[in-house]
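Quick notes on the structure that follows.
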Amino acid sequence: MNGHALSRMSAAREENEGLLDRPSSPAPEAELRRSDDGILTFHRRFATSTVTDYIKSPVEMVRTTQWRAAIARFAWFCVPSFLQGRHMREQIRPAKLSKTAYLDGVRGLASFFVFFCHTTIYGWVINRGWGYHDYYYGFFRLPFFRLWYAGPPAVSVFFVISGYALSYKPIRLIRSGKTLDFSLTMSSMTFRRALRLFIPTTVSTFLIVCLIRLGAFEMSREIVKNKKYFRHWVESIPRRPDSAFVHFEQWAYHIYYAFKVFDFKTRGALTKYDVHLWTIPVEYRCSLYLFVVLLGTARLKTTWRALTVFGILCVTIRQNRWDFALFLCGMCLAEWDHIRGAHVASPALPVDEKQVRTSGRLKPIFWNLVSILGLYFMSQPDGGGEETPGWIFLTSLIPKWWEAPYRYYQSIGAVIFLLAAGYSTFWQRFFNSGFIQYLGKISYSLYLVHGPVMRIFGFHLMTLAWNITGVQGKWYDAGFALGMMLSLPVVITFADMFWRGVDIPSVKFARWFESKVSVKSD
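Taking numbering that gives the first Met the number 0, I'd label the letters of the sequence shown as residues 0 to 521.
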């Protein structure tokens, strides 16, 4: 029986009842006495309340269905996405990957290596190569192997991939003559770029400030002073001002400073609260410059566009702007992939079968060898190359006017490796594997959260590991390995949560906000 039928029956019953049959309304005096009794009862209960009653109250509230559902949702949110079933795993690595998905994997692994760089530096001098000063002979200092914890080459990879990703669609539209679509795409990318980069960083640094106010970093501040464990370098932990207003005012200024795109410094903005975030303002500045180059060369023929970009690249390199030069190289790689039709189905043409077989055997070998050359250049030590075996002659070739010698071959190596990876099915299969693709999804979040998570949890876990293994000789290395095994799941979990809770929503918000404020195109 529905609600309307019940209402009609109730109305009919009231019509059949006489006035005397209905319950009489209480007299005003009775209402007053009832109210007084309620007040007296309240005061009596308040006077006899105990501390236990006030403890039980929130417990009873938590037992309600709504609170239990909220707690269950939060607990499920804390579970990493790869443990949440097939649906989430398919979002991480869909059955059909895009042709450029391997670049997401490259970026993810590079972010992973940056994390190892920022932890390995706790106990070792990591910027020296194998054999420097006839002293550093550790296995992981050898070329190729040192990439596992080499941060600067990973940053070079970030910048080349950013230039590629930002240029790929605009160049495709340029080459297909879709001028209107190109202009709409460039407008959208320029508008959303700041939101994409700075919403997650604003949230992450705001959370860091809140955690500083709550004293979450104070215990770690004392731990890192113990040179028995943290022997080399540890990122600083910001001090907590007495005034919360002053603290958040300082934070707001650092967020503003990150937008100073006319400042060519690569350090300063955002680094007060997380020293690793110096790359974000650089990414934003280089993105804007890249958009200008794309717009300025959009109407040029392919040959003239290539010559113009090459000229800009030469000027950029001579001005020591290695960061923007890498973005331009990414643009050149994107153009080249479109020229050679790397991501389109090849037409079936009548060709000589023997020639195809020979080319098919030699081409992968050639590009795999080129990729090894790129990896070797990326292995350039950050310092002391002029005294490091294998780098003495190469270091002598670096121009004297180049201000950051260690960026020279690392940048060249990043470009060479990504060029070769575009041809190599081996590298593409590797970077398209499940775990690497997952790292690609959380790469930005991993980059943003690994610093504060290590400062809050990692320092304690590393200390616990060294207390178990000891710090004498190779036991220090064993303790570091154990500490990393304890810290890595924590860092990955928080990066996964930040990805789902902040990174993905920020991308959706940027698109939604753009749709609300933009003029609708015909």
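We put the beta carbon where it would ideally sit given N, CA and C, even for glycine. Predicted, not measured: the structure shown is a model, and the values here were computed from it.
Determine the contact status of residue i and residue j, defining contact as a CB-CB distance below 8 angstroms.
{"i": "Ser161", "j": "Phe326", "result": "yes"}
{"i": "Val274", "j": "Glu234", "result": "yes"}
{"i": "Pro151", "j": "Tyr407", "result": "no"}
{"i": "Ser110", "j": "Arg192", "result": "no"}
{"i": "Ala297", "j": "Phe181", "result": "yes"}
{"i": "Thr204", "j": "Trp250", "result": "yes"}
{"i": "Gly439", "j": "Gly104", "result": "yes"}
{"i": "Met330", "j": "Leu294", "result": "no"}
{"i": "Gln436", "j": "Arg92", "result": "yes"}
{"i": "Met453", "j": "Val490", "result": "yes"}
{"i": "Ser219", "j": "Phe458", "result": "yes"}
{"i": "Val208", "j": "Tyr272", "result": "yes"}
{"i": "Trp123", "j": "His231", "result": "yes"}
{"i": "Gly482", "j": "Ala464", "result": "yes"}
{"i": "Cys313", "j": "Val414", "result": "no"}
Tell me where the alpha helix (DSSP H) around residue i begins and ends.
{"i": "Gly478", "result": "473 to 497"}
{"i": "Gln436", "result": "433 to 440"}
{"i": "Asp241", "result": "Element bounds for Asp241: n/a, residue is neither H nor E."}
{"i": "Trp465", "result": "458 to 468"}
{"i": "Phe258", "result": "Where Phe258 is concerned, there is no enclosing alpha helix (DSSP H), given that its DSSP letter is neither H nor E."}
{"i": "Arg320", "result": "Per DSSP, Arg320 belongs to no alpha helix (DSSP H) and is neither H nor E."}
{"i": "Lys515", "result": "503 to 516"}
{"i": "Pro199", "result": "178 to 212"}
{"i": "Trp75", "result": "64 to 76"}
{"i": "Glu221", "result": "217 to 222"}
{"i": "Arg428", "result": "424 to 430"}
In three-state terms, what does DSSP make of residue i?
{"i": "Gly389", "result": "coil"}
{"i": "Arg127", "result": "strand"}
{"i": "Gly382", "result": "strand"}
{"i": "Pro404", "result": "helix"}
{"i": "Pro451", "result": "helix"}
{"i": "Asn367", "result": "helix"}
{"i": "Asp273", "result": "coil"}
{"i": "Pro151", "result": "helix"}
{"i": "Pro280", "result": "helix"}
{"i": "His253", "result": "helix"}
{"i": "Lys362", "result": "helix"}
{"i": "Gly310", "result": "helix"}
{"i": "Lys98", "result": "coil"}
{"i": "Thr301", "result": "helix"}
{"i": "Val292", "result": "helix"}
{"i": "Ile120", "result": "coil"}
{"i": "His342", "result": "coil"}
{"i": "Gln409", "result": "helix"}
{"i": "His231", "result": "coil"}
{"i": "Gly162", "result": "helix"}
{"i": "Leu327", "result": "helix"}
{"i": "Arg171", "result": "helix"}
Out of curiosity, what's the CA-to-CA distance linking residue i and residue j?
{"i": "Asn15", "j": "Thr64", "result": "The predicted position of Asn15 is uncertain, since its pLDDT is 42 and thus under 50; a value taken from the coordinates is nonetheless stated next. Cα to Cα, Asn15 sits roughly 42 angstroms from Thr64."}
{"i": "Lys603", "j": "Leu102", "result": "This structure leaves residue 603 out entirely; the chain is present only between 0 and 521."}
{"i": "Trp335", "j": "Trp498", "result": "32 angstroms"}
{"i": "Glu282", "j": "His132", "result": "36 angstroms"}
{"i": "Leu129", "j": "Asp381", "result": "Looking at the sequence provided, one finds Trp at residue 129 rather than Leu. Their Cα atoms are separated by approximately 12 angstroms."}
{"i": "Asp195", "j": "Phe158", "result": "The amino acid at residue 195 is misidentified as Asp; the sequence shows Arg. Approximately 16 angstroms between the Cα atoms of the pair."}
{"i": "Ser514", "j": "Trp303", "result": "35 angstroms"}
{"i": "Gly176", "j": "Thr301", "result": "12 angstroms"}
{"i": "Val156", "j": "Ala480", "result": "26 angstroms"}
{"i": "Leu485", "j": "Ile316", "result": "42 angstroms"}
{"i": "Gly310", "j": "Val291", "result": "15 angstroms"}
{"i": "Gln409", "j": "Gly107", "result": "18 angstroms"}
{"i": "Ile54", "j": "Ala68", "result": "The predicted model places Ile54 with a pLDDT of 49, which falls under 50 and marks its position as unreliable, so this point remains unresolved."}
{"i": "Gly433", "j": "Leu445", "result": "17 angstroms"}
{"i": "Ala153", "j": "Trp75", "result": "33 angstroms"}
{"i": "Met377", "j": "Leu146", "result": "8 angstroms"}
{"i": "Trp390", "j": "Val448", "result": "35 angstroms"}
{"i": "Phe430", "j": "Phe143", "result": "17 angstroms"}
{"i": "Ile455", "j": "Val223", "result": "11 angstroms"}
{"i": "Trp511", "j": "Ser505", "result": "10 angstroms"}
{"i": "Gly478", "j": "His253", "result": "37 angstroms"}
{"i": "Ile441", "j": "Met87", "result": "13 angstroms"}
{"i": "Val113", "j": "Phe261", "result": "27 angstroms"}
{"i": "Tyr121", "j": "Thr270", "result": "18 angstroms"}
Q: Report yes or no: do the stretch 363 to 373 and the stretch 417 to 435 share at least 3 C-beta pairs separated by less than 8 angstroms?
A: yes
Q | Inter-stretch contact (C-beta, 8 angstroms, three-pair minimum) for the stretch 165 to 185 and the stretch 137 to 151 | A | no
Q. Any contact of the stretch 171 to 178 with the stretch 488 to 497, i.e. 3+ C-beta pairs under 8 angstroms?
A. no
Q | Given 8 angstroms, three or more beta-carbon pairs between the stretch 236 to 252 and the stretch 73 to 80 | A | no
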